[in-house]
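Sequential numbering from 3 applies to the sequence shown in the numbering used here. Positions of the beta carbon are idealized from the N, C-alpha and C atoms, including for glycine. Report on the structure given below.
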Amino acid sequence: MKLHFDVASCVRAVSKFSQCTKCVDVCPESIQIVEHLPNFALSTGVEASACVGVCPTEAFSLSDFSTTEFFFSFLESKIRLISPKINVPCISVLSVEHLISLALVSEETITVDLSSYDETSLLFEHIEKSIEEANFVLSSFSGKQLDSNYVAQKNETENNEPKKETTSRRSFLGNASLKGAVKHKKAFDDAVDADEMQKFEIDVSVIEKIKDKQLPNKRKILFTALKRAGVPDVYEVLPEEEVSFTSQKFIDESCTNCQICHRICPTGALSSNGKFSLIHFDAMLCVKCRLCHDACEPDSIHLQSGFEIKEFFEPAQRTLATFNIKRCNECGNNFTYTGGEQACPRCMVEEEEAMSLHNNAVWMKEISNNEDVDKGEP
Ligand code: SF4
Ligand code: SF4
Ligand code: SF4
């Protein structure tokens, strides 16, 4: 099993302004930022799959394990245990959205097996945090929760019910729909085979791919799961910092309508109309990659302090900014009118430059004339 990196899906490839370090933060020993892009050696052990789960745009994936296939095959199986010993290479391969979706669509409570993790490790901390977040979000609109009592799980493993586990595992692996979606942790460790750092470059094909706005599969899965969840009587508002995978935003008056944010948003959460006279935002398409914030020069785009759960059940496109668009008297192109100006900013700059060149030429001529007078030349 190998780790794959799709450069075109990484927000760092989309813009030099991106400050995303989610993959590095979760696996600093294996992934580094080199020349603005993530780089890694494949011989990174099981921890490497944490980057798969945490990347907002699914730029990382595994060669023989698909989180999407896992989601559907898990639902078809009778097992309600997610474990590196049975059905995932590492729990961290699943994002918070996957965990919420799995809990939502499962009739019975799902247990996440943390018994094989070192409680002091960064990986354990990351997985626990993801489960906590999933349970916190779930608690705001559903009675479903994930069980992650790793102590109980450990005891169960120590008491060892090899027969039961083997039987369960066999029946899970025997599921015809798995298609290689399930691999044992050891197989995963054994398979990582390269020591060299991977080198990624942005070529023409990558640039073409970047232009396509794409919603990650994990978000499509969440949509599917939410459709099956009951609508709550009251919609709660969660603190923005407690929701890592989506956001709500607002834009302040300093926005210059430079159009960068909606042009580079990888999912299409931010968009505009044909005249560029407004900026729309759809929270359910936002993956909180922060690219729009990083790229906005006047820092006009902000996170709303609370995330409204209502978005899950009544997704709405909101207008964050509107602009007065006028046609430039000089070049005929549209520009954002702020009051009084008759030409677009580019023509105004060109006009200023032309004026400055003209003034310089006049000044130089005057100096030259004065020098001629001083020398007594006619
Ligand atoms: S978008 Fe994904 S791969 Fe790129 S820097 Fe962020 S977490 Fe890493
Ligand atoms: S919010 Fe920022 S990036 Fe977006 S159009 Fe306004 S100034 Fe440009
Ligand atoms: S709107 Fe959301 S998905 Fe789009 S760039 Fe901003 S944070 Fe990323």
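DSSP places Leu228 in the uninterrupted alpha helix (DSSP H) bounded by 219 to 229.
Contact between the stretch 294 to 308 and the stretch 125 to 142 is not established, with fewer than three Cβ pairs separated by less than 8 Å. Of the heavy atoms belonging to ligand 3, at least one sits nearer than 7 Å to the Cβ of Arg292. At a cut-off of 7 Å, the beta-carbon of Cys57 counts as near ligand 1: some heavy atom of the ligand is closer than that. Cβ atoms of Phe73 and Ser103 come within 8 Å of each other, at about 7 Å.
For Asp8, the closest C-alpha among the options Pro58, Leu77, Asp149 is that of Pro58.
The alpha-carbon separation between Glu316 and Phe247 amounts to approximately 18 Å. Residue pairing by DSSP places His304 opposite Phe252 in a beta bridge. The Cβ atoms of Gly55 and Ser94 lie closer than 8 Å to each other. Across the structure, Val245 and Leu305 are spaced so that their CA atoms are roughly 11 Å apart. Residue pairing from DSSP leaves Lys277 without any beta-bridge partner. Using a C-beta cut-off of 8 Å, the stretch 231 to 244 makes no contact with the stretch 278 to 285, since fewer than three inter-stretch Cβ pairs fall below that distance. A direct Cα-to-Cα measurement between Asp376 and Val351 gives close to 37 Å.
Under the 10 Å beta carbon count, Val90 is surrounded by 16 or more other beta carbons and is classified as buried. Taking 8 Å as the cut-off, the beta carbon of Asn326 is found closer than this to the beta carbon of Tyr339. Every unbroken stretch of the beta strand (DSSP E) spanning 3 or more residues and falling wholly within the stretch 27 to 64 is given here in chain order: 33 to 36, 39 to 42, 62 to 64.
Inclusion of Cys22 and Cys291 in the CB contact set at 8 Å is warranted, their separation being smaller than that value. Look at the stretch 289 to 350 and you find these whole runs of alpha helix (DSSP H), each 4 residues long or longer: 293 to 297, 312 to 315. With 16 or more other Cβ atoms from the protein chains shown falling within 10 Å of its own Cβ, Asp115 counts as buried. According to DSSP, residue pairing for Asp284 in a beta bridge involves Gln319.
Leu96 carries a coil assignment under DSSP once its states are collapsed to helix, strand and coil. Excluding five sequence positions before and after Cys288, the CB atoms of its chain that fall closer than 6 Å to its own CB belong to Thr248, Ser249, Ala271, given in chain order. DSSP places Leu116 outside both helix and strand once states are collapsed to three, so it counts as coil. The three-state reading of DSSP puts Phe7 in strand, counting E and B together. Here Ile84 is bridged, per DSSP, to Val114. Per DSSP, the unbroken alpha helix (DSSP H) holding Val13 starts and ends at 13 to 16. Looking from the CA of Asn41, the closest CA among Ser65, Ala15, Asp66 belongs to Ala15. For Val236, the three-state secondary structure derived from DSSP is coil.
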